[in-house]
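**Student:** Heads up: the protein sequence lines correspond to chains P and R, in order.
Sequential numbering of the first sequence, starting at 1, is according to my numbering.
Sequential numbering of the second sequence, starting at 484, is according to my numbering.
Cβ coordinates follow ideal geometry from the N, Cα and C atoms, glycine included.
All values derive from a computational prediction rather than experimental measurement.
There are 2 protein chains.
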Amino acid sequence: MRIKSILLFVMALCSIAVFASVDGPEANAGHHDPFARVFEFFFLILFLAVIGRFISKKLHQSAVLGELLIGIVAGAILYPLDTPVLTVFRNFDLIEEVGRMVTQENFTYTAAIDVILAEADLKPEAAEKLRNLFVKPELREYLIIGNSIRFISSLGIILLLFMVGLEISIGDMKKSGRESIIVALLGVILPFAFGYFVSLWLLPDLDVGVHIFVAATLCATSIGITARVFKDLHKLYLPEAKIVLGAAVLDDILGLIILAVVTGVVTTGAISLTEVAIIFVKAIVFFAAILWFGSALLKRTVVLFARFDRAQVKLLYPFALLMICAYLADVVGLATIVGAFAAGLIIREEAFHLSDTIGKSQKESLEVILAPLEGIFAPVFFVVMGLQVDTSLLFSWDVLMLGGILTVVAVLGKWLAGLPLKKGLNKNVIGFGMVPRGEVGLIFAGIGKSIGVLDNMLFAAVILVVLLTTVITPPILVRLLKK
Amino acid sequence: MRIKSILLFVMALCSIAVFASVDGPEANAGHHDPFARVFEFFFLILFLAVIGRFISKKLHQSAVLGELLIGIVAGAILYPLDTPVLTVFRNFDLIEEVGRMVTQENFTYTAAIDVILAEADLKPEAAEKLRNLFVKPELREYLIIGNSIRFISSLGIILLLFMVGLEISIGDMKKSGRESIIVALLGVILPFAFGYFVSLWLLPDLDVGVHIFVAATLCATSIGITARVFKDLHKLYLPEAKIVLGAAVLDDILGLIILAVVTGVVTTGAISLTEVAIIFVKAIVFFAAILWFGSALLKRTVVLFARFDRAQVKLLYPFALLMICAYLADVVGLATIVGAFAAGLIIREEAFHLSDTIGKSQKESLEVILAPLEGIFAPVFFVVMGLQVDTSLLFSWDVLMLGGILTVVAVLGKWLAGLPLKKGLNKNVIGFGMVPRGEVGLIFAGIGKSIGVLDNMLFAAVILVVLLTTVITPPILVRLLKK
Chain P
1 MRIKSILLFV MALCSIAVFA SVDGPEANAG HHDPFARVFE FFFLILFLAV
51 IGRFISKKLH QSAVLGELLI GIVAGAILYP LDTPVLTVFR NFDLIEEVGR
101 MVTQENFTYT AAIDVILAEA DLKPEAAEKL RNLFVKPELR EYLIIGNSIR
151 FISSLGIILL LFMVGLEISI GDMKKSGRES IIVALLGVIL PFAFGYFVSL
201 WLLPDLDVGV HIFVAATLCA TSIGITARVF KDLHKLYLPE AKIVLGAAVL
251 DDILGLIILA VVTGVVTTGA ISLTEVAIIF VKAIVFFAAI LWFGSALLKR
301 TVVLFARFDR AQVKLLYPFA LLMICAYLAD VVGLATIVGA FAAGLIIREE
351 AFHLSDTIGK SQKESLEVIL APLEGIFAPV FFVVMGLQVD TSLLFSWDVL
401 MLGGILTVVA VLGKWLAGLP LKKGLNKNVI GFGMVPRGEV GLIFAGIGKS
451 IGVLDNMLFA AVILVVLLTT VITPPILVRL LKK
Chain R
484 MRIKSILLFV MALCSIAVFA SVDGPEANAG HHDPFARVFE FFFLILFLAV
534 IGRFISKKLH QSAVLGELLI GIVAGAILYP LDTPVLTVFR NFDLIEEVGR
584 MVTQENFTYT AAIDVILAEA DLKPEAAEKL RNLFVKPELR EYLIIGNSIR
634 FISSLGIILL LFMVGLEISI GDMKKSGRES IIVALLGVIL PFAFGYFVSL
684 WLLPDLDVGV HIFVAATLCA TSIGITARVF KDLHKLYLPE AKIVLGAAVL
734 DDILGLIILA VVTGVVTTGA ISLTEVAIIF VKAIVFFAAI LWFGSALLKR
784 TVVLFARFDR AQVKLLYPFA LLMICAYLAD VVGLATIVGA FAAGLIIREE
834 AFHLSDTIGK SQKESLEVIL APLEGIFAPV FFVVMGLQVD TSLLFSWDVL
884 MLGGILTVVA VLGKWLAGLP LKKGLNKNVI GFGMVPRGEV GLIFAGIGKS
934 IGVLDNMLFA AVILVVLLTT VITPPILVRL LKK
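(1) Please state the DSSP three-state secondary structure of residue 476 of chain P.
(2) Beta carbons nearer than 8 Å to chain R: which residues of the region 97–115 of chain P have them?
(3) Are the C-beta atoms of residue 919 of chain R and some chain P residue less than 9 Å apart?
(4) Take residue 856 of chain R as the anchor and find which of R/560, R/524 and R/637 has the nearest alpha-carbon.
(5) Leaving out five residues on either side along the sequence, give the residues of the same chain with a beta carbon under 6 Å from the beta carbon of residue 511 of chain R.
(6) My output table needs one value for residue 221 of chain P: the three-state DSSP class, helix, strand or coil.
(7) Find the residues of chain R that neighbour residue 37 of chain P, judging by a C-beta separation of less than 9 Å, and give them in chain order.
(8) Considering only residues of the same chain and omitting the five flanking positions on each side of residue 252 of chain P, which have a CB-CB separation below 7 Å?
(9) Return the residue from the list P/384, P/57 and P/298 that minimises the CA-CA distance to residue 351 of chain P.
(10) With DSSP run on the structure shown, which of helix, strand or coil describes residue 709 of chain R?
(11) Under 9 Å between C-beta atoms, does residue 308 of chain P make it to chain R?
(12) For residue 268 of chain P, name the three-state secondary structure that DSSP assigns.
(13) Label residue 26 of chain P either buried or exposed according to how many other C-beta atoms from any shown protein chain fall within 10 Å of its C-beta, with 16 as the threshold for buried.
(14) Rounded to whole angstroms, what's the CA-CA distance from residue 442 of chain P to residue 463 of chain P? Just pull it up for me.
(15) Answer with yes or no whether the minimum CB distance from residue 147 of chain P to chain R is below 9 Å.
(16) Give me the chain R residues within the contact set of residue 165 of chain P, using Cβ-Cβ distance strictly less than 9 Å, ordered along the chain.
(17) Taking 9 Å as the CB-CB cut-off, is residue 516 of chain R touching chain P?
(18) List the residues that DSSP assigns as beta-bridge partners of residue 87 of chain P.
(19) Enumerate in chain order the residues of its own chain whose CB-to-CB distance from residue 457 of chain P is below 7 Å, with the five nearest sequence positions on each side excluded.
(20) At a CB distance below 7 Å, what residues from the region 547–562 of chain R approach chain P? Give them in sequence order.
(21) Along the region 308–324 of chain P, what residues have a CB closer than 7 Å to any CB found in chain R?
(22) What does residue 228 of chain P reach in chain R if we use C-beta pairs closer than 8 Å?
(23) Work out the CA separation of residue 541 of chain R and residue 507 of chain R for me, nearest whole Å.
(24) May I ask you to verify whether the region 124–142 of chain P touches the region 620–631 of chain R, counting CB pairs closer than 8 Å and requiring at least 3?
(25) Cα-Cα, which of P/483, P/380 and P/469 is closest to residue 42 of chain P?
(26) Counting only Cβ-Cβ distances shorter than 7 Å, please list the residues of the region 598–621 of chain R near chain P, keeping chain order.
(27) Going along chain P in order, which residues have a C-beta closer than 7 Å to the C-beta of residue 525 of chain R?
(28) By Cβ distance below 8 Å, which residues in the same chain neighbour residue 956 of chain R in space, the five residues on each side in sequence not counted?
(29) Span of the alpha helix (DSSP H) holding residue 57 of chain P?
(30) What does the Cβ neighbour count give for residue 516 of chain R, buried or exposed, with the cut at 16 atoms within 10 Å?
(31) Would the beta-carbon of residue 417 of chain P fall within 9 Å of that of residue 185 of chain P?
(32) Can you list, in chain order, the residues of its chain with a C-beta nearer than 8 Å to that of residue 168 of chain P? Leave out the 5 residues immediately preceding and following it.
(33) In terms of residue numbering, what span does the alpha helix (DSSP H) encompassing residue 688 of chain R cover?
(34) For the candidate residues R/587, R/582, R/578 and R/590, whose alpha-carbon lies nearest to that of residue 610 of chain R?
(35) Is residue 364 of chain P close to chain R? Criterion is C-beta to C-beta, closer than 9 Å.
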C-alpha cells in the first residue's frame, strides 16, 4: 500500500510539473480571460490536496498534514524548475517593495530591482530566479495569478474557522473561559522565557533586541491546523477543543500586544502604554459587540434579511456575516480568522427556523449549505502554506541546530501551559493543540526581518520552528485524540 | 410598494456610500490581511445584489436586471465621490498600460502616467481622478482589491454557466444543433450588415475600417444574461433555451473568426486564412474532446476519483472539471464561460451513483451541493458589470443618437435571426435571447479602441449599445416566457 501511495504521489507531481511549467496561452486576438490561468492553478492545487489527503489517510495521518506536506514537496520540486508563480509566492514582500519604490519614490523599475536584490541578501540562485521573473513580460500576469491564489487561500482559512465556530456555541466558549485564559497566558509567558534564554545562551554576542524578538515569535499560536484536526476527527464537541480555540483567540490579542511592546522596545527603546491600551480597548469593544449582536440581534436581523431574500437566507446571511466580521476583526487589528470564528459562534441554526407563511426557505441545514464552500476553498490554504516553504533555506548546520533547539522549547512552552488545568481534561491535547505557529509565526518573523532585527540565519531558524511546530502537531493530536 | 422599494434602495446606497468612502484600516503593527478589504467589498456587493433583486422582484422584473441596474446606479453615485476601487475598476486597461511601460520600457512611474493620461483622452474629471489614484500610497492595495473582486466575478459567471450546463444534456444540444446553427449564422450576418450600412450612412466621412469594426461589435452575443433569466424562471428545459445556448456557443467561435478577420483587414489590409483555419481547428478539437470525454470517460474518471476522496467526489470532481474546462477553453481562444458550459453539459448525476461498498458518498444531488457556490459568486458578476458602466460617458447628443440607432439595428438583427426557424418554437424568445452584447461586446469595443479604429465618441456609442441591449433583454424575456 505504501509503495502504491508513493507511486501515486510521484505520478501526481510529474503531471503537475508538466502542467505548471507549460507557459500560458499567448495573448490571442479573442477574449483572453486574465483569470483563466488562476482556474488552472486552482485545479492543480485541488488535485494536489486530494492526492495529499489520500496518502495521509493511507498512512493513518490527518488530512491537513497531507495537504501541508504535499505542498512542501511540490514546492521543493517545482521551485528549482523555475515555476514563475512559485517565485511570486515566495517573494511577495520583495516584489511589493519594488512596487512601492517605483510608485512612491519614482525609481525606475530596473533601478528598484537592483536596489532590492542588493539589499535582500538572497542566495545567488534565488536572486537569479527573482531577477528572471522581474524581466519577464508576463510578470503582471503572474502577479494576478499569485494574488488570486492568495485570495482563495485567505477565503479558505476564514471559511474553515467559520465552520469551526458554527459547531460551537458562545455559551460553550464562556464556560471554558477561565481555562482558556490560563492556557493563553502561560502559553505566552513560558515560550517567551524559554526562547529568550535559549537565544541568549546560544547567541551571546547579539543584541538584547534579537533575543526579545526570537522569544516573541515563539509566543504565536496558529489555530488553523489544530482546528482542522479537531474538525476532521469530529472532536469539536470536546471541552479541550473549546479551551484551545478560546486560548488561541486570546493569544491573538496577546500577540498584538507583545508585537507592539517588542517592536517599541527594539526600535525606540520604549513601551507605548497608550498603544497597548488602544489594542486592549479595540479588542474588548470588538468582542463585546460580537456577543451583543449574537445574543440580541441575530434572530431579528435574520428575519429582516429573510424578507428580502427568503430563498437564500441560509446561504447569504451567514456568508455576509462572515465577510463583515473578518473585515472588522482586521480593522481592530485582529486576525481575520478571529473574526471568522466569532461569526461562526454567533450563527445558530435555530435563528433560521422561520415560519413558512411568506415563502419557503431552504430546508437543508446550515452545515450542508455552507460545507461546499469550505470544501473547495479551505484545502487551498494548507497546500499554499506548504508551497511557500522554502526548504532550501533550512539545510545549513547553524539553522538546523538553532531552529531545532528553539523548536524543542517552543513545543515545551506550549505543552507546559496546559498542565495546571484541572483534572479530567486531556492536558496533552490542549498543550499540543497550541503548538503550531503557522502563519502567525511567519508574520512575527517577517516583521523582525523587516526592521532588521533578525538576520537571514535567524530568520531561517525561526521559519524552521514554524515549519516543525506546524507539521508535528497533526500526527500528535491524531494519536492523542484517537486514544 | 414602489415607494417603499425606492426608499429601501436609497437607504442601501447611503450605507454603501458611507462604507466605501471610509478609508481602510491603517497598516497596523499586527497582522494586516491584504484581503480583509476584499471581504468588505464582497459583503457590500452581495448586499447590493440582495437589494437589487428584491426591488426587481417587487416590480415583477428578473433578478438579474435588479443586480445589473443597482450596480449601474451605485456606480453612478459612488464614482463622483472618488471611490478609489471604482476608479480602479474603470481604468484597469490604463493602469495595466502604465505597469507595462514601467516594467517593459523602463519608464519612470510619473513619466508613464503623464504619457498615458495624455494619450488616453479622458474627460478632465476622469483624468483628475485617475491621477489622484496613481499618486495614492494605497494604490497597490486598491489594485489587489480590484483584481480580487474581478476574480470573484469571473468565478461567478463560470459557475453560473456551469450550473446552466448541468441542467441540460449533451443530447439536448445535439438535437437543436441545426436550429442553433441557423440562429448563430443569421445572428452574425444580419447585425453585421445592418451595422455596416448604418455606420456608413451616419458617418460617411470615416474610414471603411471604422464601419467594419462597428459592425463586428454588433455581432457579439453574451449568454450570461439570457442564461440567468432562463435559469431564474426555471425554463431551461424549453427547446428555445437550448437553441439560444447552442447559438451563443457557436457565436463565440464565429466572433473569434470575425475578430481575426476584421483586425487583419483593418491593421494589415489582409485576411489571414491560416489564422481563421487555426481558430476553426482549435475550436473543433476542443468540442470533440469534450464530447468524447463526456460520453466515454466521465463515469470511469468519477469512479477513479471516488477512490481518492469518496466523501467529497460530488463536490470536488465537478468543480475540478469546471476549472480545467474553463482554462482549456481559454487556451484554444474561446471564452472561459464556453468551457464552463461544456463542463456542465458533461456532468450527469447518474455518473455519480456509485455502489456504496467502499465508503459513503454524498447523498445530496449535485445541484444542492454546487448551488451555494453559484449563489455566492454569480451575483457578483452582474453587480460588478453594472459598476463598471461609466454613465457619464453616455450623456452627449452624438453618443445618444448614434448609440440609439445602432441599438435598434442590433436588436433587429438578432431578432430577425430567429424568424426562419420552424413552427412551434417561440421565435421571439430565441431572437431576443441573443440580443445582449454584454462583456463580449465590451471586448470587441476595447480592441477597436486600442488599435485606434474607434474614437471616444464611437467607443461610447458602442458602450451604449452594449448597455441597452443588455438591460432591455431581461424584461422582454420575462414577458415572453411568462405568457
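**Tutor:** With the structure as the only source:
(1) DSSP, read as helix, strand or coil, puts residue 476 of chain P in helix.
(2) Hits within the stretch, in order: 99, 100, 102, 103, 104, 106, 107, 108, 109 and 110.
(3) Look at residue 919 of chain R: its C-beta is not under 9 Å from any C-beta on chain P.
(4) Measuring C-alpha to C-alpha distances from residue 856 of chain R to each of R/560, R/524 and R/637 identifies R/637 as the nearest.
(5) Reliability of the predicted coordinates at residue 511 of chain R is poor, the pLDDT of 45 falling under 50, and the value obtained from them is presented with this limitation in mind. Hits under 6 Å: none found.
(6) In the three-state DSSP reduction, residue 221 of chain P falls in the coil class, being neither helix nor strand.
(7) The contacting residues are 810 and 813.
(8) Within its own chain, the residues whose Cβ lies closer than 7 Å to the Cβ of residue 252 of chain P, once the five positions on either side in sequence are excluded, are 334, 335 and 338, listed in chain order.
(9) When each option's Cα is compared against that of residue 351 of chain P, the closest is P/298.
(10) Residue 709 of chain R carries a helical assignment under DSSP once its states are collapsed to helix, strand and coil.
(11) With respect to chain R, the C-beta atom of residue 308 of chain P has a partner C-beta closer than 9 Å.
(12) Assignment of residue 268 of chain P by DSSP, reduced to helix, strand and coil, places it in the helix class.
(13) For residue 26 of chain P, the predicted model reports a pLDDT of 47, less than 50, meaning its position is unreliable; a value from the coordinates is still stated below. In the assembly as shown, residue 26 of chain P is an exposed residue. Its beta-carbon has fewer than 16 other beta-carbons within 10 Å.
(14) Spanning the alpha carbons of residue 442 of chain P and residue 463 of chain P requires a straight line of approximately 7 Å.
(15) It does: the Cβ of residue 147 of chain P has a partner Cβ on chain R nearer than 9 Å.
(16) Here the premise fails: no neighbours, minimum Cβ distance about 16 Å.
(17) So yes, residue 516 of chain R belongs to the interface.
(18) Looking at the DSSP output, residue 87 of chain P sits in no beta bridge, so it has no partner there.
(19) Taken in chain order, the residues that qualify are 398 and 399.
(20) So the list is empty, because no residue satisfies the distance condition.
(21) Sequence-ordered contacts of the region 308–324 of chain P with chain R read 308, 309, 312, 315, 316, 319, 320, 323 and 324 [C-beta pairs closer than 7 Å].
(22) Within 8 Å Cβ-Cβ: nothing; residue 228 of chain P doesn't reach chain R, min ~15 Å.
(23) Only weak support is given to the placement of residue 507 of chain R: the predicted model assigns it a pLDDT of 48, under 50, and the value that follows is read from those uncertain coordinates. Each residue's CA atom was taken as its position, placing residue 507 of chain R and residue 541 of chain R some 35 Å apart.
(24) With the cut-off at 8 Å, the region 124–142 of chain P and the region 620–631 of chain R do not touch.
(25) Across the set P/483, P/380 and P/469, the C-alpha of P/380 shows the shortest separation from the C-alpha of residue 42 of chain P.
(26) For the region 598–621 of chain R, the beta-carbon criterion of a distance under 7 Å to any beta-carbon of chain P is satisfied by 620.
(27) Those within 7 Å of residue 525 of chain R in chain P are 323.
(28) 708, 709, 712, 915, 916, 918 and 919.
(29) Start and end: 36–58.
(30) That one is buried.
(31) Closer than 9 Å, so yes.
(32) For residue 168 of chain P, the CB contacts under 8 Å within the same chain, skipping 5 residues up- and downstream, are 236, 241, 242, 245, 344 and 345 in chain order.
(33) Counted as a single uninterrupted DSSP element, the stretch harbouring residue 688 of chain R is not any alpha helix (DSSP H), since DSSP gives it neither H nor E.
(34) For residue 610 of chain R, the closest of R/587, R/582, R/578 and R/590 by C-alpha to C-alpha distance is R/578.
(35) For residue 364 of chain P, at least one C-beta of chain R is nearer than 9 Å to its own C-beta.
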